[in-house]
Amino acid sequence: MRLGHAAHFQHSRDSATVYLTAPGDTTKDDGLHMDRVKSLQKALQQEFAECDADTRPYVPHLSIGQAKRAKHAQALKAEVDETMKQFSRAEAGWTLEWVVDRVAVIEREGQHDPFRVVGEVFLDFENDCIST
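Residue numbers (the numbering used here): 102 to 233.
If you want it as structure tokens, here you go:
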């Protein structure tokens with residue numbers, strides 16, 4: 102997976118998540134397996150149908166932080182972008198790339214409780230194989 106853009110989404114007036122996502126248009130594959138990631142998310146969503154309260158379209162991402170207000174999320178996003186540019190050799194931006202070999206299934210009791218891992222889905226994109 103290759104990520105190269107910080108962004109945020111607002112849960113409510115008092116809660117936002119800052120995350121990393123793929124650079125550019127995540128609707129196109131670009132060799133990043135985004136189509137496979139989205140297919141996997143769809144399959145997991147069908148398996149855990151009771152967790153489907155969100156109406157926003159799925160965006161493959163890696164959550165990196167929480168903020169209480171949109172302005173704080175925007176400041177954190179800008180700080181992440183600026184920091185990552187310092188470690189990148191590319192003049193136009195930055196990217197992080199790594200192999201994703203599993204998805205952790207997480208849950209929490211209440212909205213403010215910490216998440217805990219309740220299962221793992223192991224991935225083998227080379228052989229189109231998924232196992233638990």
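We put the CB at the ideal spot given by N, CA and C, even for glycine. Treat the numbers as computed from the prediction; the structure is a model and nothing was measured.
C-alpha distance - residue i paired with residue j, whole-angstrom precision
i, j, result
"S140", "S116", "28 Å"
"V138", "F223", "13 Å"
"I207", "K172", "28 Å"
"W199", "M102", "6 Å"
"P124", "C152", "28 Å"
"T196", "I165", "15 Å"
"V181", "Q175", "10 Å"
"E112", "F216", "The displayed chain sequence assigns His, not Glu, to residue 112. Approximately 16 Å, taken between the alpha carbons."
Short Cβ contact (8 Å threshold) for residue i with residue j
i, j, result
"P161", "M135", "yes"
"L236", "L104", "Not covered by the structure: residue 236. The range shown for the chain is 102 to 233."
"Q187", "Y159", "no"
Three-state secondary structure assigned by DSSP to residue i
i, result
"H162", "strand"
"V181", "helix"
"V249", "The chain is shown only over 102 to 233; residue 249 falls outside these bounds and no answer can be derived."
"R103", "strand"
"A108", "strand"
"F149", "coil"
"R137", "helix"
Beta-bridge pairing of residue i - partner residues as DSSP gives them
i, result
"E208", "R217"
"T196", "Answer by DSSP bridge pairing: none, since T196 is not bridged."
"A168", "A117"
"T122", "H106 and H162"
"V222", "V204"
Closer than 7 Å: residue i CB and nearest the ligand ADP heavy atom
i, result
"L197", "Looking for the ligand ADP in the displayed structure turns up nothing, as the structure carries no ligands at all."
Rounded distance between the beta-carbons of residue j and residue i, thought under 8 Å
i, j, result
"A179", "V119", "So it is not a contact: roughly 10 Å between Cβ atoms."
"E221", "V204", "7 Å"
"A144", "T122", "With a Cβ gap of about 20 Å, A144 and T122 do not count as contacting."
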